[in-house]
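In my numbering, the protein residues as written are -7 to 199.
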Amino acid sequence: MTAIPAGEFSDYVDAIAGALVRDGYCVVDAGVPDELLWALYERTGPRSSAAFRRAGIGRDDSFRLNSKLRTDTIHWLSHDYPAESAYLHWMEYLRLELNRRLFLGLFDFECHFARYGKGAFYKKHLDAFAGNTNRILSTVLYLNPRWQDSWGGELALYRDFDSDPIENIAPVMGRLVLFFSERFPHEVRPAVRRRYSIAGWFRVREF
Ligand code: OGA
Ligand code: MN
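The structure is reproduced here in structure tokens:
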């Protein structure tokens, strides 16, 4: 696991880009500034008034619920709310700086809050299938103050569908995980507490 300390923004992006080139994924603690982090927590945590709905698979016409695969609820971020807008801006900076370093041609970013109730899960899946997507780089930011390892809720990352996990990442406050969407099957393990995150995707243009 690559633990990247908070510091200058360019060092932060250099470290992320380096880890992505080397490993295809990275784990950044203190992934966003503190003030933004807590504003995001307010927007999704127990005191939030934001509307959430059951997550499904696919979009629009192909959207369907699949409670064998995932049981979280979600809320897509937009520029209508200051905290959501601030996160979209932060990820926009990151998009531009990653493009400068890695020439990925990342075109935009979309993300949703996800709430996993006690026992909720998202079974092993890929965020993108080769040749069938414009999702290139997956991101997850965790919003769980004082999370304890014994509560579960890890993000397990796999090299392929049949092997043991290469990482079991605890969803601790401020941790940001990035990985190439086509390369890493992953799952959200059930937890004994509510679990909050923002899942997001840098995308290339659709043709
Ligand atoms: C997803 C996802 C991981 C997490 O929403 O596609 O894999 O740890 N989320 O919340
Ligand atoms: Mn996923």
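Virtual Cβ for every residue (Gly too), placed ideally from N, Cα, C.
With a cut-off of 7 Å, the C-beta of Ser189 is classified as near ligand 1, since at least one heavy atom of the ligand falls inside that distance. If only uninterrupted beta strand (DSSP E) runs of at least 3 residues are considered, those enclosed by the segment 57 to 118 are 65 to 68, 100 to 108, 114 to 117.
One thing to note: Tyr114 has its Cβ within 8 Å of the Cβ of Asp64. Distance from the CA atom of Arg107 to the CA atom of His117, rounded to whole angstroms, is 18 Å.
Shown here, Leu29 sits in a helix according to DSSP, grouped into three states. Within the same chain, and ignoring the five residues on either side of Val184 in sequence, the residues whose Cβ sits closer than 7 Å to its Cβ are Lys110, Trp143, Gly144.
Per DSSP, reduced to three states, the secondary structure at Trp193 is strand. In the three-state scheme derived from DSSP, where H, G and I count as helix and E and B as strand, Glu179 is classed as strand. Distances taken from the Cβ of Ala106 to the heavy atoms of ligand 1 include one shorter than 7 Å. In this structure Ile190 is in contact with His104, their Cβ atoms being roughly 7 Å apart against a cut-off of 8 Å.
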